[in-house]
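In the numbering used here, the protein residues as written are 1400 to 1666.
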């Protein structure tokens, strides 16, 4: 099974437009939403309320690295914020251990973002991932898993486990974290990475895969591109080696998993 998720829904009207067009062209099957960008979120809500994007395809993109936090306490925490804003460069220094005050700040902020998503859209997110992959930092992962459990979110994105990684310690860490995420009961794909990662490692269609993209409008507004500025449809066609492909969202993924499990239990 293939899930193609475009991150950063709700970041801006321009990104929202690109994601909407990507859905309509069947380039993506899923997206994840930033909830702390007021204008972008308001515009994103419109796409859902007007029936242009299926709510079953929408997850939450938890954010601790960009924009204005939703809670006051974390704004005063120098690990995460400066002048009341998230530090854009904080994600370059992963956090593996936090003091009690910092953990409380993070938990409160993540819960606030979850509540804001639910209040804004009127339903639970289909899955959880995070801006700049902060949920793969060990100390933050604990807070995210706690948040997922509290709100009964069934799926959490894996740490990247495809592509070229020369750092042996990083590969071991990512593997351990992914095992931990599964151990905590999250319904996850087998593989996660960007298009370039799957181009390098190969796409095994017998596995469940999440492909991360970032649908954007090109500079001239004439096409949908990925984060690297290359045409998104062309990149996906090169990956799949065909003109069309079948894709699902996380809601469908769990439904199929459940049916397969029930079928095997009946044998």
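In this text, a Cβ means the ideal position worked out from N, Cα and C, and glycines have one as well.
Own chain partners of residue i with C-beta closer than 6 Å, once the 5 adjacent residues on each side are dropped
i: residue 1418; result: 1405, 1408, 1430 and 1614
i: residue 1555; result: 1527, 1547, 1580 and 1585
i: residue 1410; result: 1433, 1436 and 1439
Identity of the residues DSSP links to residue i by a beta bridge
i: residue 1590; result: 1608
i: residue 1431; result: 1458
i: residue 1408; result: 1432
i: residue 1420; result: Answer is none; residue 1420 lacks a bridge partner.
i: residue 1630; result: 1624
i: residue 1485; result: 1480
Residue nearest to residue i in terms of C-alpha spacing, selected from the options
i: residue 1512; options: 1540, 1553, 1544 and 1469; result: 1469
i: residue 1373; options: 1654, 1480, 1435 and 1465; result: Any answer about residue 1373 is impossible in this case: the structure gives the chain only from 1400 up to 1666.
i: residue 1377; options: 1403, 1411 and 1424; result: The shown model of the chain, from 1400 to 1666, leaves out residue 1377, and the question about it has no answer.
i: residue 1618; options: 1464, 1504, 1630 and 1558; result: 1630
i: residue 1549; options: 1467, 1624 and 1514; result: 1514
i: residue 1544; options: 1578, 1561, 1521 and 1566; result: 1578
i: residue 1519; options: 1542, 1444, 1509 and 1566; result: 1444
i: residue 1553; options: 1568, 1620 and 1656; result: 1656
i: residue 1558; options: 1488, 1602, 1522 and 1611; result: 1611
Cβ shell of residue i (< 7 Å), same chain only, five flanking positions each side left out
i: residue 1455; result: 1525, 1648 and 1650
i: residue 1452; result: 1419, 1422 and 1446
Supposed close pair residue i, residue j - CB separation, criterion 8 Å
i: residue 1433; j: residue 1460; result: 5 Å
i: residue 1616; j: residue 1428; result: 20 Å between Cβ atoms; not a contact.
i: residue 1465; j: residue 1479; result: Not a contact, Cβ separation roughly 11 Å.
i: residue 1607; j: residue 1639; result: No, residue 1607 and residue 1639 are not in contact; Cβ-Cβ is about 16 Å, not under 8 Å.
i: residue 1646; j: residue 1403; result: 5 Å
Cutoff 8 Å; reference residue i; Cβ partners in own chain excluding five residues on either side
i: residue 1476; result: 1500, 1501 and 1504
i: residue 1665; result: Any reading at residue 1665 must be qualified, since the residue scores a pLDDT of 46, below 50, and its modelled position is unreliable; no value is offered.
Inter-stretch contact at 8 Å, needing at least 3 Cβ pairs: the segment 1483-1498 / the segment 1529-1547: yes
Tell me, please, whether the segment 1581-1592 touches the segment 1564-1573 by the rule of three or more beta-carbon pairs shorter than 8 Å. Counting Cβ pairs under 8 Å, fewer than three are found: no touch.
Is the segment 1629-1641 close to the segment 1588-1607, with three or more CB pairs under 8 Å? yes
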